[in-house]
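Residue 360 is where the sequence shown starts when you use this note's numbering, and the numbers rise one by one after that. For each residue, glycine too, the CB sits at the ideal point set by N, CA and C.
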Amino acid sequence: MLITEGRTNGKYILIVVVLTAIVGGGIWLLAKQEVPFTEFSEINKPEENGMDVNNEINIHEYPSDSEQFRNLTIKFVREVAENYFDEQLIKYPEELGIRGNWVPYITIYHQGEIKGRGKGENEILSFALAEATKVAFSDEGCENLTKKDLKDVIFLVKFLIPPNQFSFVEYDGKGKELIGDLVVIRNLDKELIRQKIEQGKEFLYRVMNKNEYGFYKKYDALNDDFEDRLHTVYSASIIYTFLYIYDLEKDEKILEYIPDWGNFLFFMQNKDEEDERYGAFHYSYYLDSKEREKKFVVGTSALTIFTLLRLYDLTNDSKYLESAKLAGDWLTTMQKPDGSMRPYVRYSDGQWVYGDKESLLYNGQVLSALSKLFQATGDKKYYDTAEGIAKVFAEKYEKEKGYIEGEYREKNPISNSWVVMSLMDFYRVNQADYYKNIIFELSKKILESQKNDMNNLLHYGGWGEVYSTSGIGWISEVMVETYIFCKEFTPRPNFGVGASKEDCNKYKDSAIKAMRLLIQNTYSEENTFFLKNPKRAMGGVFWNEQNKYVRTDSVCHALNGYVRIINDLEDGLLLSVPEKSFEAIFNELKK
Numbered sequence: 360m361l362i363t364e365g366r367t368n369g370k371y372i373l374i375v376v377v378l379t380a381i382v383g384g385g386i387w388l389l390a391k392q393e394v395p396f397t398e399f400s401e402i403n404k405p406e407e408n409g410m411d412v413n414n415e416i417n418i419h420e421y422p423s424d425s426e427q428f429r430n431l432t433i434k435f436v437r438e439v440a441e442n443y444f445d446e447q448l449i450k451y452p453e454e455l456g457i458r459g460n461w462v463p464y465i466t467i468y469h470q471g472e473i474k475g476r477g478k479g480e481n482e483i484l485s486f487a488l489a490e491a492t493k494v495a496f497s498d499e500g501c502e503n504l505t506k507k508d509l510k511d512v513i514f515l516v517k518f519l520i521p522p523n524q525f526s527f528v529e530y531d532g533k534g535k536e537l538i539g540d541l542v543v544i545r546n547l548d549k550e551l552i553r554q555k556i557e558q559g560k561e562f563l564y565r566v567m568n569k570n571e572y573g574f575y576k577k578y579d580a581l582n583d584d585f586e587d588r589l590h591t592v593y594s595a596s597i598i599y600t601f602l603y604i605y606d607l608e609k610d611e612k613i614l615e616y617i618p619d620w621g622n623f624l625f626f627m628q629n630k631d632e633e634d635e636r637y638g639a640f641h642y643s644y645y646l647d648s649k650e651r652e653k654k655f656v657v658g659t660s661a662l663t664i665f666t667l668l669r670l671y672d673l674t675n676d677s678k679y680l681e682s683a684k685l686a687g688d689w690l691t692t693m694q695k696p697d698g699s700m701r702p703y704v705r706y707s708d709g710q711w712v713y714g715d716k717e718s719l720l721y722n723g724q725v726l727s728a729l730s731k732l733f734q735a736t737g738d739k740k741y742y743d744t745a746e747g748i749a750k751v752f753a754e755k756y757e758k759e760k761g762y763i764e765g766e767y768r769e770k771n772p773i774s775n776s777w778v779v780m781s782l783m784d785f786y787r788v789n790q791a792d793y794y795k796n797i798i799f800e801l802s803k804k805i806l807e808s809q810k811n812d813m814n815n816l817l818h819y820g821g822w823g824e825v826y827s828t829s830g831i832g833w834i835s836e837v838m839v840e841t842y843i844f845c846k847e848f849t850p851r852p853n854f855g856v857g858a859s860k861e862d863c864n865k866y867k868d869s870a871i872k873a874m875r876l877l878i879q880n881t882y883s884e885e886n887t888f889f890l891k892n893p894k895r896a897m898g899g900v901f902w903n904e905q906n907k908y909v910r911t912d913s914v915c916h917a918l919n920g921y922v923r924i925i926n927d928l929e930d931g932l933l934l935s936v937p938e939k940s941f942e943a944i945f946n947e948l949k950k
């Protein structure tokens, strides 16, 4: 027996057809027949498709039972949609003729907008899915959709399992697992990371202002919009990332942009020799008023020094080094007697006002910048200022023997990662084992606070007290740099009597876990179904699962980590997070 359904005169009728004929060598079965779990799980087993089960099966090519269920469901929902417009009978597939208390929800997306929502309810899964699909298309938002529009329609299927849900979204004819509206990443390999490097690079090109050649801080993906100003620190950081990518790929397009990017940075530097802030970099540039913000943050100048020194190394053009030295000279004037840095100076109510609160982040950025500048110039004033900050960090660590804190934030792994990063840069010019020990001891604390619960895919690979991809990406980048530092300055295990037993791979493993999470929070073809302009968002790392805007530093941190470690990664699968058994999911779904 085959159960079919058609649409006549705008009303739905159920037609029960008894077939005694044998079709295609097999008898059509009653669609209302209950299919046991064991039968469903046998579908498309490799040996039944002529596959050699003794050969290794590629995890990306052979679907799990859960994947098979998602794919069959999406295929059927799309067939129902096509039949809806053609007014054709619906053929209910045997595989989805499963009994249970089914209440599926279907959402129809078209060009980033929700056009319809539908709920189905039936003891037979295929009937419930068909009902939900038809109800969704009857929504007033779908009244202008035609069959031609179906090619751009994306279906989201959801089953509620209080307090959780089992949901998936259509992509390329398949069902992709969701948590909320986030497409889950369970498997990570080197090729996926390479793909994200390319997509991230293209995203960064798109966030460049083509008139000024500076970069935006934020992209509002939901509204497809940028803010009205360019930021020096984000521009410098993006250029820095491009230079890492150039090291990896030798992309000539990057070289072509360097003069224009450099000119934007020079434009943002205070060149008034009579001004106390001479050499500092303005924080931002307002596009509407064409004015530079009267605010100078030590972190902005510090991170711009990073970029200027890289540009100097690449081009051998002294103008980049001279600009970096001017910024470094200004930074030395911002140090307080205790060795820490004043965070900023800004113009307010007719006068210049200095910030006084201690920031671990800004102190770390300055320590790194001046260590690099001393290495490039040999000018001791940069070393002396850097050493003052390093001593502040060391004193705090001796007191706490763990995470330290400043006056902006409580103890957290983000700020302490800046302590680690900056002390690594300082160690390269100081070579005191005392600082190296702090680096590894504090890195151990950071590793211990990483989230390792594979059952919590929203946060697995992140860190406690870190709620954004900017923070996760930054710590991941630092773990990569710690891995590189460890290999450079630590004897390998079993390298003779008394050799350090520091295991460098633990930092790489930590970064890999974080990279899975970062990629899960990166816009791709699979997860941009709710966006107006998915092509522009592609490769952008959004803030977190609740906030879908892209901060460009999130992209930079992620890419820096990918690029710096890609050649140290093994081919094949790097990380795999198993899905809950389909039997368990299935039994919950049919309750």
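Residue-chain proximity (residue i, chain D), Cβ-Cβ < 7 Å
i: R651; result: Of the protein chains in the structure, only one exists, and it is not chain D.
Proximal residues to residue i (C-beta, below 6 Å), its chain only, five neighbours per side dropped
i: A661; result: Q724, V725 and A728
i: Q554; result: none
i: K770; result: Y762 and E764
i: E800; result: none
i: A595; result: L662, T663 and T666
i: S802; result: V779 and T841
i: L928; result: K549
Proximity test, residue i beta-carbon vs the ligand NAD heavy atom, cut-off 6 Å
i: E929; result: In the structure shown, the ligand NAD is absent, as is every other ligand, since no ligand is present at all.
Status (buried if at least 16 other CB within 10 Å, exposed otherwise) for residue i
i: N408; result: A caution first: N408 carries a pLDDT of 34, below 50, which makes its placement in the model unreliable, though a value can still be read off. Under this definition N408 is an exposed residue.
i: A943; result: exposed
i: D784; result: buried
i: Y742; result: buried
i: Y706; result: exposed
i: T666; result: buried
i: A791; result: exposed
i: E499; result: exposed
i: D912; result: buried
i: G737; result: exposed
i: Q694; result: buried
i: D424; result: buried
i: G479; result: buried
i: Q879; result: buried
Closest Cα partner of residue i within the set the options
i: E754; options: T736, D697 and I520; result: D697
i: S643; options: R768, D587 and E746; result: D587
i: T692; options: V656, G832 and Y671; result: V656
i: S829; options: N814, V900, N926 and Y575; result: V900
i: Y786; options: N775, Q734 and N886; result: Q734
i: D868; options: N892, Q809 and F889; result: Q809
i: A683; options: K731, F752, K865 and V542; result: K731
i: N946; options: I449, L484 and E472; result: L484
i: F585; options: V566, T600, F601 and I598; result: V566
Enclosing alpha helix (DSSP H) for residue i [first to last residue]
i: N430; result: D424 to D445
i: T666; result: V657 to T674
i: D688; result: S677 to T692
i: H916; result: T911 to I924
i: Q355; result: Past the edges of the chain, shown from 360 to 950, lies residue 355, and the structure says nothing about it.
i: S648; result: No alpha helix (DSSP H) contains S648, which DSSP labels as neither H nor E.
i: E884; result: Here E884 belongs to no alpha helix (DSSP H), and DSSP marks it neither H nor E.
Nonlocal neighbours in the same chain, by C-beta distance under 7 Å from residue i, ignoring five residues either side
i: E502; result: none
i: S940; result: none
i: D930; result: K549
i: L876; result: Y819, G820, G821 and I831
Test item: CB-CB of residue i and residue j under 7 Å
i: Y603; j: I613; result: no
i: Y794; j: L782; result: yes
i: A491; j: G477; result: yes
i: P772; j: I843; result: no
i: Y637; j: N629; result: yes
i: L607; j: V922; result: yes
i: E571; j: F623; result: yes
i: G539; j: I433; result: no
i: F518; j: F525; result: yes
i: G823; j: A870; result: no
i: K569; j: Y908; result: no
i: L589; j: G573; result: yes
i: C863; j: K891; result: no
i: F527; j: L537; result: yes
i: T953; j: V592; result: Within the shown structure, residues of the chain are numbered from 360 to 950, placing residue 953 beyond reach of any answer.
i: A639; j: W689; result: yes
i: G687; j: R701; result: no
Own chain residues within Cβ distance below 8 Å of residue i, not counting five before or after
i: F496; result: A440, Y443, I467, G475, G477 and L504
i: L509; result: R437, A440, E441 and F444
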